[in-house]
Every structure is written in C-alpha cells, then in structure tokens.
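Shown next, in structure tokens, is the structure this report addresses.
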Amino acid sequence: MKTYIVDIDGTICRHDSRTTPYSRAKPIKERIDFFNELYDAGHTIIYWTARGGNSGVDHSELTKKQLDQWGVKRTELRMGKPPYDYWIDDKAFNVRDFFMTDVRTGETKSMTL
C-alpha cells in the first residue's frame, strides 16, 4: 500500500483567492471520489494544509467540518503545512500533472481540469 499526502485547496476543492474565506470553498467531487477509492483500497491518505499558515488563524474545526460534509475519507488531517512558493521534491506531483496521469498505470488520462 502507498501513502498519499494531499493538499486541500486547489486539489480537492476550489478556493478562488487568498481573500476568499475558506468557508466558501467548493468541493471537486471527482477528485474526492478518486482519493476515497484509494482510501477504500487500503492506501493511507493524509490531507495536509497550510490553511492559516500566514494569518495564524486556526482553521482546523472548519476544515474537519468541510471534509466531513464533502464525504472525504482520510487516515489523518494535518494542519500547519508551511506556506511556500516552490516545493521541490523527488516524489511531488503538480495537481494538474497528477490528475492527467493515471497513478496506477502511468497512462495519460483524458480528464480535463
């Protein structure tokens, strides 16, 4: 089984801008379904978010409530991902690249974002 570290905003929900409250984020159902399938297959799914990283505001209760309302299955929710401009990692995927490549087969998906 694999471990997936997944961001929330811009990955499983649409969040328009830094000035838009997180409470107005809209779930992306097909992406949530994708990660739920991985969870159901026994993979570890950890959602790690930078919500509140710049402001210092604790968004953990709101975030837990949203994930529950959206039906997000998870092994763990982690807050406190550091804000950054670039994430350099040998295993990292850009969300657009990830959802255009089938992680099971390596084939390019036809799904448009």
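Start counting the sequence shown at 24; every next residue gets the next number (the numbering used here).
We put the CB at the ideal spot given by N, CA and C, even for glycine.
Residue 116 and residue 54 have their C-alpha atoms some 15 Å from each other.
Partner residues in the beta bridge of residue 26, as assigned by DSSP, are 67. In this structure, DSSP gives residue 39 a state outside helix and strand, which the three-state scheme calls coil. The beta carbon of residue 87 sits closer than 7 Å to the beta carbons of 100 from its chain, once the five residues preceding and following it are set aside; these are given in chain order. When the beta-carbon positions are compared, residue 66 and residue 24 come within less than 8 Å of each other. Check the Cα spacing between residue 122 and each of 51, 92, 38: the tightest is with 51. Note on geometry: alpha-carbon atoms of residue 118 and residue 31 lie some 11 Å from one another. Looking at 45, 29, 26, 28, the one whose alpha-carbon comes closest to that of residue 85 is 45. When rounded, the separation of the alpha-carbon atoms in residue 33 and residue 64 is 24 Å.
Its chain contains 32, 36, 37, 38, 89 as the residues whose beta carbon lies nearer than 7 Å to that of residue 48, once the 5 sequence neighbours on both sides are disregarded; these appear in chain order. Residue state for residue 32 is assigned as strand, using DSSP reduced to three classes.
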